Each structure stands twice: as structure tokens, then as C-alpha cells.
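Q: In my numbering, the protein residues as written are 153 to 454.
Ideal Cβ placement from N, Cα and C applies to all residues, glycine included.
Since we're looking at a predicted model, the values are computed, not measured.
Please see the structure below; I have some questions.
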């Protein structure tokens, strides 16, 4: 259910109490279910299989993870990703011979609409330097990206103005085309890409100008509620003491309600900075004649 709240400012003038409606915010409570299935077709048991799965971003201006449900005998161990300031959980299971085992994790979240221009200055300390450095898919030190960022710097002086200009660049120069992940450099040179390239190019431009930024991996559920993996990429940029969500791809169509620092309640941010979604570790090697067990992860929104 979506709840709409009218945020109102009250003030006194000449002894009279006035009220002014500022903006209407929305909130939505959802459950993201991750189903992990392991199929063991071998004639022997597999003991000590380790599965790791990323959990949604815990706290941000667009969402809050309120609880995790895992109703099985195994223990969940919480760990931090090395990048992106996100977390994952891991559990260890035994899979009997010729059997299929499924484990479900339920992530309960509150989602919030937002408009950064209506928020007070944040108190998050300046982030790590890794968010201004180039990396795979974020080639902020490449000549084509630097050329674009230099044009922005030459035309705009303020931080917000420069970031808004960087936000506009992918919308202006890229033709949308679904493709495998190529990254910012490919987008700047070939002028084509999907949501990944839109986000990566914005992040690369921001980093090239010295602004901390990172790509986010998300579930977008405007048209469907079941997924094999996150189906959308957007971005975050550090501005005025906050990480601000930025979506240069969805901004091309106003019906989605997303843009620079503004957004609705139809996305869940899972990971950041191209962090893995899930991984695993088998307890022993398999012989050449053995069939490797099949592992699948299915996501759905409730």
C-alpha cells in the first residue's frame, strides 16, 4: 500500500499562525523475497555448501531495511562488502544426494519518495577517495570522459550546476539500446547504451570533476515483480553532506518519477559500485565425471 503524506511548514507572522504545504511525500512497505535453490544430482551428499547473498541497502533517503526473515535451522552471518558500503549474509547447508534444497530470505523494507531540494543539509562525512577514482566501467580518467567534464567545468561554476549538467549529458548524447555492460568510456565514444551506460557515464563525469559518485544496482518494479537479478542501474552522488540518488535513464520519461535527487517508491537499491549480487563456495572439488550442482536465485516482490 502506498501512503501519501502532505508535509506542511508552520510559521508565525503578525501574531497569526500560517501553514504552507511544501510537498507531498509517499511511503510504501514491501517485502523482497530471495529464493535460493540448490539441485544436487550426484549420488553423494554435499556437506558444507556456503551461499552468500547481498542484502538491500539498509538506510538511505529512498529506503530503509526494517527486518530480515530466515526461518531455517542454519545461522545467518552478516558481513560487509569490500566496496559500496553495503552488506551481505551467508549461510552454510548440507544437500543430500539426489535432492533439491531451497532457502528463502525475506527482506522487509520501507520505501520513500524524495526530493533532495526539500531536505536540510546532511551530516554524512565526506566519503572515501575510492569514489573519485577510475575503475572498470567508470573510466573517469579516459580522454573522452575528461573532454566532456572539461566542457562542463568551463560552462558552470557551482557544484550543483556542474552535477546537473553531468546528469544531462547521458540524456543528450546517448541513444538507448539494451546491451551487455559496456561502461562509461564506451558510451562516451559510441553514444549508445542502456541504463548501465547512462549511470556509468554520469558517475565517470562526476568523478572526473572530483565529486564522489557510484553506480547502484536496483530492482525496478514498474512493470514486473519477479526477477533473476537486479534489472536496473542508476547512481548516487555525494552533495551537501548526503548521498543523492540520481537516475539519468528514467529521467528521460517523466512517467517514472525519477531524476536528479527526486524519486518515487518503485525501486529497491540492492548494491552499489558494481558489487556482486550473490556468490558461493563449494566444500570440495568435483571430479570431471560429476555433474556440477545447479544453483539459482530468484527474486520477487510481495
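1. For the beta strand (DSSP E) containing residue 136, name the first residue and the last one.
2. Which residues bound the alpha helix (DSSP H) around residue 320?
3. From 246, 259, 252, pick the residue whose C-alpha is nearest to that of residue 422; which is it?
4. Within the chosen definition, does the region 320-330 reach the region 398-410 through at least 3 CB pairs nearer than 8 Å?
5. May I ask which residues mark the beginning and end of the alpha helix (DSSP H) holding residue 305?
6. Check each candidate in 291, 368, 257, 383 and name the one with the smallest Cα separation from residue 374.
7. What separation, rounded to the nearest whole angstrom, lies between the Cα atoms of residue 447 and residue 292?
8. Between 372, 387, 389, 388, which lies nearest to residue 381 when the distance is taken from Cα to Cα?
9. In three-state DSSP terms, what is residue 426?
10. Three-state secondary structure (DSSP) at residue 264?
11. Restricting to Cα atoms, I'd like to know which of 425, 207, 352 is closest to residue 183.
12. What number of angstroms, rounded off, separates the C-alpha of residue 243 from the C-alpha of residue 202?
13. Going by DSSP in three states, residue 174 sits in which element: helix, strand or coil?
14. Have a look at 189, 410, 209, 284 and flag the residue whose alpha-carbon is nearest the alpha-carbon of residue 247.
15. Got a sec? Which residues, its chain only, sit under 7 Å from residue 356 by beta carbon, not counting five neighbours each side?
16. Alpha carbon to alpha carbon, how far is residue 230 from residue 306?
17. According to DSSP, is residue 271 helix, strand or coil?
18. Do residue 354 and residue 309 have their C-beta atoms within less than 8 Å of each other?
19. Which partner residues of residue 204 appear in the DSSP bridge assignment?
A: From the atom records:
1. The structure shown does not extend to residue 136, since the chain is modelled only from 153 to 454, so the question has no answer here.
2. Per DSSP, residue 320 is one residue of the alpha helix (DSSP H) stretching across 311-325.
3. 259
4. yes
5. 295-307
6. 383
7. 36 Å
8. Looking at the Cα atoms, 372 is the closest of the given residues.
9. coil
10. strand
11. 207
12. 6 Å
13. In this predicted model, residue 174 has a pLDDT of only 39, less than 50, meaning its place in the structure is not dependable enough to derive any value.
14. 189
15. 290, 291, 292, 297, 336
16. Between the alpha carbons of residue 230 and residue 306 lies a gap of roughly 46 Å.
17. coil
18. The Cβ atoms of residue 354 and residue 309 lie no closer than 8 Å to each other.
19. DSSP, once it has assigned bridges, lists 242, 431 as partnering residue 204.
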